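Input: a single structure, listed below in structure tokens.
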Amino acid sequence: MNDQVNKVNLLGLSLPKLIAFFESFGEKKFRAVQVAKWIHQRGASSFEEMTDISKKLRQKLEEIAEVRDPEILFQHFSKDGTRKWVVKVAGNNSVETVLIPDGDRATLCVSSQVGCSLDCSFCSTGKQGFNRNLSPEEIIGQLRVAIGSFGPFDSNGPRRVTNVVMMGMGEPLMNFEPVVDAMSLMMDDNAYGLSKRRVTLSTAGVVPMIDKLGDVTDVTLAVSLHAPNDALRDKIVPINRKYPIEDLMSACQRYLDKCDDKRGITFEYTLLKDVNDQPEHAHELIKLLKRIDCKLNLIPFNPYPNSGYERPGDETIRAFQNLVHRSGIVTTVRTTRGEDIDAACGQLVGQVTDRTRRSERYIKLLDQSLTVRDNLGL
Numbered sequence: 159m160n161d162q163v164n165k166v167n168l169l170g171l172s173l174p175k176l177i178a179f180f181e182s183f184g185e186k187k188f189r190a191v192q193v194a195k196w197i198h199q200r201g202a203s204s205f206e207e208m209t210d211i212s213k214k215l216r217q218k219l220e221e222i223a224e225v226r227d228p229e230i231l232f233q234h235f236s237k238d239g240t241r242k243w244v245v246k247v248a249g250n251n252s253v254e255t256v257l258i259p260d261g262d263r264a265t266l267c268v269s270s271q272v273g274c275s276l277d278c279s280f281c282s283t284g285k286q287g288f289n290r291n292l293s294p295e296e297i298i299g300q301l302r303v304a305i306g307s308f309g310p311f312d313s314n315g316p317r318r319v320t321n322v323v324m325m326g327m328g329e330p331l332m333n334f335e336p337v338v339d340a341m342s343l344m345m346d347d348n349a350y351g352l353s354k355r356r357v358t359l360s361t362a363g364v365v366p367m368i369d370k371l372g373d374v375t376d377v378t379l380a381v382s383l384h385a386p387n388d389a390l391r392d393k394i395v396p397i398n399r400k401y402p403i404e405d406l407m408s409a410c411q412r413y414l415d416k417c418d419d420k421r422g423i424t425f426e427y428t429l430l431k432d433v434n435d436q437p438e439h440a441h442e443l444i445k446l447l448k449r450i451d452c453k454l455n456l457i458p459f460n461p462y463p464n465s466g467y468e469r470p471g472d473e474t475i476r477a478f479q480n481l482v483h484r485s486g487i488v489t490t491v492r493t494t495r496g497e498d499i500d501a502a503c504g505q506l507v508g509q510v511t512d513r514t515r516r517s518e519r520y521i522k523l524l525d526q527s528l529t530v531r532d533n534l535g536l
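Sequence positions in the sequence shown follow this note's numbering and run 159 to 536.
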């Protein structure tokens, strides 16, 4: 039993960490590359499948390592082609991941935490509280589940998942190292080989961690804005009380300055009836976003029980979009997908056992956490 518990799950090791793992028991770097390709490109879940590796090494790996995917508790396929999985993770919890097909594209929405601490007022995930961070293997495991849902892996076939967005349950930047490790695997040519423009991290605005992210990667950045001024955003996105809009916009510009190619930030804006969907809000938003290279993604609110919010009418949504778009800011409206299986944006809810952390307490804990990180030089 103890041997099983101590086995290293290779699924979540970034290539540098996988190389270090192999070198720790005298194996060469190229063996780690071979194994990475078997796991991530061919979908291997046992070492016996890895036929170009010596029997002696396979036996050694069986003793000290494993390739263990998350257990699928439920899967639901929507009439519009959207697929949703509830997968079991450690601690008797579960998270959700959603695949959204669109022509020759398929975008996977990946969770990074069990629940979420930020408690954005319109999001059902935040209402269940926060339990823990996901490990890299639990994050990558969601991608493996989605790819495997189409049948055996085929490294020479068309991509089954063309884009990944870290927009599922949780705030990715508060699970920094595991998320970065998982994204590096997504972009590694020896693993999933996605371009940095096809891997997007969405944040509610953890300013110091946006700066840290820019030091280690330049994946596409999306920011959950949802309000054009601090007074309103304080109510909708409580982390704004810690990092107001001006600080957030400055961090976004610093992130773009670190990128080695020309691209912009995607700002996400959930439209809530009679809350942030009026012409005056659009004019404020235009003034704010004109300062930075960006595009705006409008998300009509997806209702869930007892949310306290409603979806604006189609006419209001179109008027808001047209007003911002005419100012020169590229403005799209996200098509609601998977609503019949509760897979739409803001509807993801997994099983969480600890619901005690809420916005006010979280802001205090966040301050303490970032102070510790600073002191440790992280």
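Even glycine gets a Cβ: it sits at the ideal position worked out from N, Cα and C. Quantities reported herein were computed from a predicted structural model and do not represent experimental measurements.
- A direct Cα-Cα distance of roughly 10 Å separates Pro-437 from Asn-480.
- In the DSSP assignment, the residues bridged to Gln-233 are Trp-243.
- Leu-383 sits in coil when the DSSP states are folded into three classes, being neither helix nor strand.
- Beta-bridge partners assigned by DSSP to Asp-227: none are found.
- Check the Cα spacing between Asn-291 and each of Val-488, Met-327, Lys-420: the tightest is with Met-327.
- Under the three-state reduction of DSSP, Met-324 is assigned to strand.
- When the beta-carbon positions are compared, Glu-295 and Asn-164 stay at least 7 Å from each other.
- Bounds of any alpha helix (DSSP H) do not take in Ala-349, whose DSSP letter is neither H nor E.
- Cβ contact annotation for Thr-424 (same chain, cutoff 6 Å, sequence separation greater than five): Ala-380, Lys-453, Asn-455, in chain order.
- In this structure, the alpha-carbon of Met-332 lies about 8 Å from that of Val-364.
- Annotation for Glu-426: the continuous beta strand (DSSP E) segment containing it runs 423 to 429.
- When the alpha-carbon of Lys-420 is set against those of Gly-486, Arg-355, Ile-475, Arg-200, the nearest one is in Arg-355.
- For Gly-309, DSSP assigns no beta-bridge partner whatsoever.
- The residue among Arg-263, Asp-312, Asn-321, Val-337 with its C-alpha nearest the C-alpha of Ser-269 is Val-337.
- In this structure, Ala-440 sits away from Val-488, with a CB-CB distance that is not shorter than 7 Å.
- In the three-state reduction of the DSSP assignment, Glu-438 falls in the helix class.
- Boundaries of the alpha helix (DSSP H) around Gly-372: 365 to 374.
- For Gln-286, no beta strand (DSSP E) segment is defined, and its DSSP state is neither H nor E.
- In the assembly as shown, Pro-470 is a buried residue. Its beta-carbon has 16 or more other beta-carbons within 10 Å.
- The beta-carbon distance between Val-322 and Ser-360, rounded to whole angstroms, is 11 Å. This is too long to meet the 8 Å contact definition.
- Cys-267 is bridged by DSSP to Val-256, Val-323.
- Ile-457: member of the beta strand (DSSP E) spanning 452 to 458, first to last residue.
- Contact between Leu-430 and Tyr-462 is ruled out by a C-beta separation of about 13 Å, above the 8 Å threshold.
- Nearest C-alpha to Phe-280 among Arg-484, Ile-368, Ser-465, Cys-417: Ser-465.
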